[in-house]
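The working numbering puts the first residue of the sequence shown at 14, with every later residue one more than the last. C-beta: ideal position from N, C-alpha, C; glycine also.
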Amino acid sequence: DYIKKPIDDDELIASLQTLIKSIEQEEREMAKLGSTSLPSFIIPLPRHVKNHLVDHAILFIEENFDKSIGLQEAANALKVSEGHLSRLFKEVTEINFLGYLNAYRVNRSIELLQNPRLNISAVCALCGFPTPGYFTKLFRRFYNMTPSQFRDTLEV
C-alpha cells in the first residue's frame, strides 16, 4: 500500500500496524511449514536478571529498540543517572548498554531478514538502526557478512 503526502500520523500508524500484523502472520505460516529458526545466528543475551533496575532497562530495550534510543533515554525513563545505569548494566550483564541494544537489534534483524518481502532498508528501519550503512557495519561486525549475504545463505 502507498501513503500519500502529506502523511497523517494516524494513517501512518495504522499502516505500520497492518504491516506488522502481516509480517507476524507470515512468520506463523512459515513456522507451520517447519521453517527452522536460526539459533546459531542469534546472539545470546540475558533476558531476566536479578537486579530490578537492569531488568527494567532490558525491558525498555525490548519495548523501544525500534526507536532512536540510547543510554540517556533509558536512564531518563528509569529516573536514574546515565553513569549509574551504565555501571550497573555492565556489572550485571557483562555487556555495556549500547552493546546489548545493538545485539538485540541485530537479533531482531535476523528474524526479519528471513522474510524476503522486506528489503534491507525496511529491516534496518524496523530494528531502529539510524542508517542502512550503520546496520550493515554492525551486522558485519557480528557475523562477518552483510545482511544481503546473510539473506543469500537462506536461499541456498
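Cα-Cα, which of Glu-124, Ala-87 and Pro-129 is closest to Asn-109? Ranking the options by Cα distance to Asn-109, first place goes to Ala-87.
According to the Cβ coordinates, are Leu-72 and Leu-101 closer than 8 angstroms? With contacts defined as CB atoms closer than 8 angstroms, Leu-72 and Leu-101 fail to qualify as a contacting pair.
Distance, Cα to Cα, Glu-37 vs Lys-63? Between Glu-37 and Lys-63, the C-alpha separation is close to 31 angstroms.
For the candidate residues Glu-107, Val-105 and Gly-112, whose alpha-carbon lies nearest to that of Leu-84? Distance check between Leu-84 and each of Glu-107, Val-105 and Gly-112 places Gly-112 closest, using alpha-carbon atoms only.
Out of curiosity, what's the CA-to-CA distance linking Tyr-156 and Pro-19? In a straight line, the C-alpha of Tyr-156 is about 39 angstroms away from that of Pro-19.
Glu-75, DSSP secondary structure in three states: Correct three-state label for Glu-75: helix.
Using C-beta distances below 8 angstroms, list every residue in its chain close to Leu-46, excluding the 5 sequence neighbours before and after it, in chain order. Because Leu-46 carries a pLDDT of 45, less than 50, the predicted location of this residue cannot be relied on, and no value is offered for it.
Of all the options Asp-165, Asn-77, Thr-144 and Lys-150, which has the alpha carbon lying nearest to the alpha carbon of Pro-129? Ranking Asp-165, Asn-77, Thr-144 and Lys-150 by Cα distance to Pro-129 puts Asp-165 first.
Taking all protein chains shown into account, decide if Leu-6 is buried (16 or more other Cβ within 10 angstroms of its Cβ) or exposed. Look at the range of the chain in this structure, 14 to 169, and you will see that residue 6 is not part of it.
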